[in-house]
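A.B. asks: Following this message is one structure expressed as structure tokens.
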Amino acid sequence: MKRILLPAGGAILATGLLAAGLASTAQADSTVSADVLAAQDKAADVLSFWTASNNAAMDKAVAFNPDALEVSKISSGGGYTSDTKPGSTAPIGEEKKVAAKVQNVNLPKTIGKVFFEGRDGKLYWCSGTSIQSQYRNLVATAAHCVYDIGGNDEVVSRWVFVPGYYQKKAPFGVYVGKQAFTHYDFDIYEDFDRDYAFVTVYDGIGGVLNNATKVTFDEYNAASAKGQKTDKKLTEVSDKEYFSAIKDPTKLPYYDIKPGTAKKVTGPDFPGAVVDKREVDQKFYEAQEKAGKVGKGTDFIYGEPVVEQVDEATFKAYSGPGTKAGPDKFGNYTITHYYVQDWYVPGQDTKYYRVDYYVFSHHVKSVGRLGDNVGGQGFAWNQPAGKAIRAFGYPYGPHLDGNKPFTGVTPKWCYGPTAKKALLIPSKKVEEQLSMKCTVTAGFDGGPWLYKYSNAKRLGYVNGVTSLIADVDGNKRYDTITSAYFDGETNVVYQAAAKSWSGKLIP
Numbered sequence: 004m005k006r007i008l009l010p011a012g013g014a015i016l017a018t019g020l021l022a023a024g025l026a027s028t029a030q031a032d033s034t035v036s037a038d039v040l041a042a043q044d045k046a047a048d049v050l051s052f053w054t055a056s057n058n059a060a061m062d063k064a065v066a067f068n069p070d071a072l073e074v075s076k077i078s079s080g081g082g083y084t085s086d087t088k089p090g091s092t093a094p095i096g097e098e099k100k101v102a103a104k105v106q107n108v109n110l111p112k113t114i115g116k117v118f119f120e121g122r123d124g125k126l127y128w129c130s131g132t133s134i135q136s137q138y139r140n141l142v143a144t145a146a147h148c149v150y151d152i153g154g155n156d157e158v159v160s161r162w163v164f165v166p167g168y169y170q171k172k173a174p175f176g177v178y179v180g181k182q183a184f185t186h187y188d189f190d191i192y193e194d195f196d197r198d199y200a201f202v203t204v205y206d207g208i209g210g211v212l213n214n215a216t217k218v219t220f221d222e223y224n225a226a227s228a229k230g231q232k233t234d235k236k237l238t239e240v241s242d243k244e245y246f247s248a249i250k251d252p253t254k255l256p257y258y259d260i261k262p263g264t265a266k267k268v269t270g271p272d273f274p275g276a277v278v279d280k281r282e283v284d285q286k287f288y289e290a291q292e293k294a295g296k297v298g299k300g301t302d303f304i305y306g307e308p309v310v311e312q313v314d315e316a317t318f319k320a321y322s323g324p325g326t327k328a329g330p331d332k333f334g335n336y337t338i339t340h341y342y343v344q345d346w347y348v349p350g351q352d353t354k355y356y357r358v359d360y361y362v363f364s365h366h367v368k369s370v371g372r373l374g375d376n377v378g379g380q381g382f383a384w385n386q387p388a389g390k391a392i393r394a395f396g397y398p399y400g401p402h403l404d405g406n407k408p409f410t411g412v413t414p415k416w417c418y419g420p421t422a423k424k425a426l427l428i429p430s431k432k433v434e435e436q437l438s439m440k441c442t443v444t445a446g447f448d449g450g451p452w453l454y455k456y457s458n459a460k461r462l463g464y465v466n467g468v469t470s471l472i473a474d475v476d477g478n479k480r481y482d483t484i485t486s487a488y489f490d491g492e493t494n495v496v497y498q499a500a501a502k503s504w505s506g507k508l509i510p
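And the structure:
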């Protein structure tokens, strides 16, 4: 297996919170990097940022697809060298025996979106999954979805995991990241052969966000003075209700009036003006014609008189402003109608309203541990290449040719064997990544590669996470996804994370 040489003395953990039970101190120091994402006194701010205004920030985030992840000169190398014997940790819920009844792909309940703020100040998301751990508080994703890429050795900001995320909804709660664990070689050298991370999260927060509560006028004013979000709703009522209510001075703040406006005569070019055609007698019409307002040579639609041929009975019965003629030598009767038009802005009736006042507030609660709510996938390492894998994630970004077949709204999956030969990508220091055929795009990265996936239980073993998305055949369409090979050192990182406690944000 590949190993990058470390500085003399090895690496020192960023937080000093390495869990007990690792093979040795020397191995731990040269393998695991652990970094704080959000201390408990900062976690509430992270939660508020993402959940404000009905999770508006989540809706604004885009799939993480930096230029630094574009790869070229891809080739296949030799096989993989296992550093220890194969091993695995059972998923949460593995003890339940459920007979498979269908062959459709049932999506894992454990998967969701990882949201974070990059060092460029923009909001992004990747894919991730809940994974088995001692405190049922662990998320597996790609390291580049946790650690800032660009050589500054820092984690991203405002990191949260939202399992089952769908159109601004967090059905199982929002989980703020507490501490991130990855391999030292990724943290320090951005070695994509180690592009994986395990993140401990606080207990989830759920509830009704921005809940609108109806209040009195005085309560509304008090809340507004404190800077709370407020609103008022106008409901149209009859004039009878309005005048009856305002006889009581205490009800005056709860009623409002919008005075009507009279019809305003304008010209044809006035914004919002409409035309009013009306019939007049011949004398009035001729006066308007003399003034240049109607008749030939004007731009008015109804400037010309209209001659209507009628029968004798209609002729005798007509008493309108038009002039009558007939019968002519052919026995025809006619009535000539004269029209003028006014351009005007319509008036508006007076409207009466009842006013209701509202104050918005958060009503949130702890929904408990991540693993208790959605379960957790198992973990496997040093498994042979060439085995069937089912990969999940939320693809969104475009192909290289600009085609964009995915929305990122719902998760997608790929199925097939991993390549037996390791993938070589020199630009990313990749010498032994796994790869499999899959035509997804950005946003899928960080999603789990599940080995021995049970369709009935929706559980399997995380044996990789999507790292890079590549166009191997050069046709400008992504066709291959890659993952770091999970070996014994990956297990050391995983075990350090899996034994770390996080706790609650709300008691």
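Numbering (the working numbering), first residue to last: 4 to 510. Using N, Cα and C, we set each Cβ at its ideal position, and we do this for glycine too. Small disclaimer: the values here were computed from a predicted structure and weren't measured.
Could you check whether the Cβ of K236 sits closer than 6 Å to any heavy atom belonging to the ligand HEM?
C.D. replies: Judged by which ligands are present, the structure shown has none, so any question about the ligand HEM falls away.
A.B. asks: Let me check understanding here. Comparing Cα to Cα, which of V202, P111, I208 and T92 lies closest to A47?
C.D. replies: Residue I208 is the option with its Cα nearest to A47.
A.B. asks: Name the residue from R122, I152, F164 and L126 whose alpha carbon lies nearest to the alpha carbon of K116.
C.D. replies: It is F164.
A.B. asks: State the start and end residues of the unbroken beta strand (DSSP E) segment that holds D259.
C.D. replies: Taken as a continuous stretch (DSSP letters only), the beta strand (DSSP E) holding D259 covers Y258 to K261.
A.B. asks: According to DSSP, is Q436 part of a helix, a strand, or is it coil?
C.D. replies: Residue state, collapsed to three classes: strand.
A.B. asks: Quick one: residues in its chain with C-beta nearer than 6 Å to the C-beta of A248, no 5 flanking neighbours on either side, listed in chain order?
C.D. replies: For A248, where only same-chain residues beyond five positions count, the Cβ hits under 6 Å are K254 and Y258.
A.B. asks: DSSP puts K423 in a beta bridge; with which residues?
C.D. replies: Paired residues: none, contrary to the question.
A.B. asks: Should P324 and D284 be called a contact, given that it needs their Cβ atoms to be closer than 7 Å?
C.D. replies: Contact: yes.
A.B. asks: Tell me whether the beta-carbon of G446 lies closer than 7 Å to the beta-carbon of D352.
C.D. replies: No, the pair does not count as a contact, with Cβ atoms beyond the cut-off.
A.B. asks: Between G419 and K440, which are expected to be in contact by the criterion C-beta below 8 Å, what is the C-beta distance as a whole number of angstroms?
C.D. replies: Yes, they are in contact, since the Cβ atoms of G419 and K440 sit about 6 Å apart, within 8 Å.
A.B. asks: Alpha carbon to alpha carbon, what distance is there between T233 and V149?
C.D. replies: Going from the Cα of V149 to the Cα of T233 covers about 36 Å.
A.B. asks: Could you tell me which whole alpha helix (DSSP H) segments of length 4 or greater appear in the segment 215-292?
C.D. replies: Segments of the alpha helix (DSSP H) lying fully in the segment 215-292: 220-228 and 242-248.
A.B. asks: Tell me whether the beta-carbon of V496 lies closer than 7 Å to the beta-carbon of H186.
C.D. replies: Yes, they are a contact pair.
A.B. asks: Considering only residues of the same chain and omitting the five flanking positions on each side of G329, which have a CB-CB separation below 7 Å?
C.D. replies: Excluding positions up to five away in sequence, the list reads F318, N335, Y336 and T337.
A.B. asks: What are the start and end residues of the alpha helix (DSSP H) that includes D48?
C.D. replies: Unbroken alpha helix (DSSP H) run through D48: Q43 to K63.
A.B. asks: Leaving out five residues on either side along the sequence, give the residues of the same chain with a beta carbon under 6 Å from the beta carbon of W162.
C.D. replies: So the qualifying residues of the chain are L40, F119 and G180.
A.B. asks: Can you list, in chain order, the residues of its chain whose CB lies under 6 Å from that of A383, leaving out five sequence neighbours each side?
C.D. replies: Closer than 6 Å at the Cβ level, and outside the excluded window around A383, lie S91, Y454, Y464 and N466.
A.B. asks: Hey, how far is the Cα of S505 from the Cα of Y488?
C.D. replies: Distance between the alpha carbons of S505 and Y488: 27 Å.
A.B. asks: So T485 and S430 are in contact, right, with Cβ under 8 Å, and what is the actual spacing, rounded?
C.D. replies: At roughly 13 Å, the Cβ-Cβ gap does not stay under 8 Å, so T485 and S430 are not in contact.
A.B. asks: Verify whether the separation of the beta carbon atoms of Y399 and K217 is less than 7 Å.
C.D. replies: Contact: no.
A.B. asks: Helix, strand or coil for G325? Go by DSSP, reduced to three states.
C.D. replies: Three-state result, G325: coil.
A.B. asks: If you reduce the DSSP assignment to three classes, tell me which class G121 lands in.
C.D. replies: Reduced to three states, the DSSP call for G121 is coil.
A.B. asks: Three or more C-beta pairs closer than 8 Å, one from the segment 125-133 and one from the segment 473-481: is that the case here?
C.D. replies: Short answer: they don't touch.
A.B. asks: Tell me which residue opens and which closes the alpha helix (DSSP H) that V495 is part of.
C.D. replies: Taken as a continuous stretch (DSSP letters only), the alpha helix (DSSP H) holding V495 covers G491 to A501.
A.B. asks: Tell me the DSSP secondary structure of K455 in three-state form.
C.D. replies: Note: K455 maps to strand in three-state DSSP.
A.B. asks: Determine, using beta carbons only, whether W128 comes closer than 7 Å to chain C.
C.D. replies: This model lacks chain C altogether, as it is built from one protein chain only.
A.B. asks: Assuming contact is defined by CB atoms lying nearer than 7 Å, are G389 and A66 in contact in what I supplied?
C.D. replies: It is not a contact, given that the beta carbons lie outside the stated cut-off.
A.B. asks: When the Cα of D196 is compared with those of V277, E434 and A499, which residue comes out closest?
C.D. replies: Comparing Cα-Cα distances from D196 to each of V277, E434 and A499, the minimum goes to E434.
A.B. asks: What's the C-alpha gap between S36 and E222?
C.D. replies: Rounded to whole angstroms, S36 to E222 spans 51 Å at the Cα level.
A.B. asks: Would you identify the three-state DSSP class for A71, choosing helix, strand or coil?
C.D. replies: Bear in mind that the predicted position of A71 carries a pLDDT of just 44, short of 50, making it unreliable; the figure below should be weighed with that in mind. Three-state DSSP puts A71 in a helix.
A.B. asks: Which residues share a DSSP beta bridge with I114?
C.D. replies: In the DSSP output, where bridge partners are listed per residue, I114 has T132.
A.B. asks: D190 to E157, Cα distance in whole Å?
C.D. replies: Distance between the alpha carbons of D190 and E157: 8 Å.
A.B. asks: Ignore the nearest five residues each way along the sequence and tell me which others in T326's own chain have a CB closer than 6 Å to its CB.
C.D. replies: Q285 and T339, listed in sequence order.
A.B. asks: In this structure, how does DSSP classify I191 when only helix, strand and coil are distinguished?
C.D. replies: Three-state DSSP puts I191 in a helix.
A.B. asks: Give me the Cα-Cα distance between A183 and V240, rounded to the nearest whole angstrom.
C.D. replies: The straight-line gap from Cα to Cα measures roughly 58 Å.
A.B. asks: Could you tell me the distance, in whole angstroms, from the CA atom of A143 to the CA atom of L373?
C.D. replies: Using only the alpha carbons, I get a separation of about 12 Å.
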